[in-house]
Structures are given as structure tokens and as C-alpha cells.
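When the letters of the sequence shown are read in order and numbered with the numbering used here, they come out as residues 27 to 193. We put the CB at the ideal spot given by N, CA and C, even for glycine. Remember, it's a predicted structure, so these values are computed and weren't measured experimentally. Scroll down for the structure; my scribbles are underneath it.
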Amino acid sequence: MYDDVVTVVENRPLTGGHYLLSVHSPRQAKATRPGQFAMVRLPGGLDTLLRRPMSIYDLKPSNTRKGGNTKPKVGGHRPPLQQAPEIIQLLYKIVGKGTRLMAKLAPGDKLEMLAPLGHGFFPEDYQADAHAADEVLHVAGGIGIAALLLPARELASEGIHQRLFFG
Numbered sequence: 027m028y029d030d031v032v033t034v035v036e037n038r039p040l041t042g043g044h045y046l047l048s049v050h051s052p053r054q055a056k057a058t059r060p061g062q063f064a065m066v067r068l069p070g071g072l073d074t075l076l077r078r079p080m081s082i083y084d085l086k087p088s089n090t091r092k093g094g095n096t097k098p099k100v101g102g103h104r105p106p107l108q109q110a111p112e113i114i115q116l117l118y119k120i121v122g123k124g125t126r127l128m129a130k131l132a133p134g135d136k137l138e139m140l141a142p143l144g145h146g147f148f149p150e151d152y153q154a155d156a157h158a159a160d161e162v163l164h165v166a167g168g169i170g171i172a173a174l175l176l177p178a179r180e181l182a183s184e185g186i187h188q189r190l191f192f193g
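Below you can see the structure in the form of C-alpha cells.
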């Protein structure tokens, strides 16, 4: 777990008040395991005093192009294994004052992030059971879906059939 000041790379509006926040945080990204979360504190006054818990949605490499462009590339597919993750993505929904302020973050803005937190879903915890079963069932509701991408990807890489119940 690291308590770092991180830099916003992108804060993309999706749909229905949902956003995808991408922050550059190599140390935290490398330590993150599927199912873990972060505590985020926004810059500012009393409205942002408390940290907000956010599931870590995805991890991405920080791609750079030749010629000095160091802006991390956020989109695309899972990085090849030889590329260490440096970008942490948080999927969130505007539900109150804190997340409304979070939606105003722009590339280059700084925020405090304590991560990774929680036990998470480690492959060794479920791998033997998953291989013994016909499939793994994931159950999520609302923004809770954010916690399932990394574990689902891990299981898929093992060839394990999965089903999602979302409500």
C-alpha cells in the first residue's frame, strides 16, 4: 500500500453519470492485484476532506512515442506481459458532492491516492476451485461491476468459462 500524489491522465465521461478516471501511478499500479481498491482524496477544501473508496477497474501501460511525447496512452487492450502497468483506471458514478467534484478533474490535475487496498482476488485463492468447476459466476450490481474486470480477465487467461449476473 502506498499513499501517493498521482496525476490525472484522463477523466472521460461515459454514460449515465459514469466516468473513467485514469491516473499515472506506476508504483501503485505494479502492486495492484485483481479485486483491490483505492482511497481517493481530491484537492481542495472541506468538501474533499474525506477519501472516497473506489474499485480499481483496470491497469494500463504508460506508452510513449519516440520524439519526446510522454503522454501516457490510455485506450486499447490489455498490455503485453512485458509492459509493467503504470496507469490505474477507476470507474465511478456521480452520486454526491465528492464525485461531482471528481468529474471536473482534468489531465495534469493532482490528487492523493492510497492504494492498493484490500485482500483482492488472488489467482491462487480461486484457481483450483475454478478449474474444478464448469464455470465461475460473477455477481455485481451498479458500480460494483468495476471490481470484476481484472479478476475476469485473469480467469479468462486461464481458459476458465465465466458468467456474469448484473443487476
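Could you spell out where the alpha helix (DSSP H) holding residue i opens and where it closes?
{"i": "Arg78", "result": "Here Arg78 belongs to no alpha helix (DSSP H); instead the beta strand (DSSP E) covers Arg78 to Lys86."}
{"i": "Leu137", "result": "Here Leu137 belongs to no alpha helix (DSSP H); instead the beta strand (DSSP E) covers Lys136 to Leu143."}
{"i": "Asp180", "result": "The residue you asked about is not Asp; residue 180 is Glu in the sequence shown. Leu175 to Ser183 is the span of the alpha helix (DSSP H), which, as asked, contains Glu180."}
{"i": "Arg189", "result": "Unbroken run through Arg189 is the beta strand (DSSP E), Gln188 to Phe192; no alpha helix (DSSP H)."}
{"i": "Met128", "result": "Lys123 to Met128"}
{"i": "Pro39", "result": "Unbroken run through Pro39 is the beta strand (DSSP E), Tyr28 to Pro39; no alpha helix (DSSP H)."}
{"i": "Arg53", "result": "Pro52 to Ala57"}
Taking the C-alpha atoms as reference points, what is the distance between residue i and residue j?
{"i": "Val165", "j": "Asn37", "result": "27 Å"}
{"i": "Pro52", "j": "Leu127", "result": "24 Å"}
{"i": "Leu131", "j": "Ala159", "result": "43 Å"}
{"i": "Phe192", "j": "Gly168", "result": "8 Å"}
{"i": "Leu76", "j": "Val66", "result": "8 Å"}
{"i": "Ala129", "j": "Asp29", "result": "22 Å"}
{"i": "Thr125", "j": "Lys119", "result": "7 Å"}
{"i": "Leu175", "j": "Pro39", "result": "19 Å"}
{"i": "Val31", "j": "Met139", "result": "6 Å"}
{"i": "Asn95", "j": "Leu163", "result": "In this prediction, Asn95 has a pLDDT of 40, which is less than 50 and means its spatial position is unreliable; what the coordinates show is noted afterwards. Those two C-alpha atoms are separated by around 42 Å."}
What does the Cβ neighbour count give for residue i, buried or exposed, with the cut at 16 atoms within 10 Å?
{"i": "His145", "result": "exposed"}
{"i": "Ser183", "result": "exposed"}
{"i": "Lys123", "result": "exposed"}
For residue i, which of the options has the nearest alpha-carbon?
{"i": "Pro69", "options": "Val34, Thr58 and Gln62", "result": "Val34"}
What first and last residue would you give for the beta strand (DSSP E) that runs through residue i?
{"i": "Leu75", "result": "That residue, Leu75, is in no beta strand (DSSP E); it is neither H nor E in DSSP."}
{"i": "Leu131", "result": "First-last for Leu131: undefined, no H or E at that position."}
{"i": "Leu68", "result": "Element bounds for Leu68: n/a, residue is neither H nor E."}
{"i": "Ile113", "result": "Ile113 to Lys119"}
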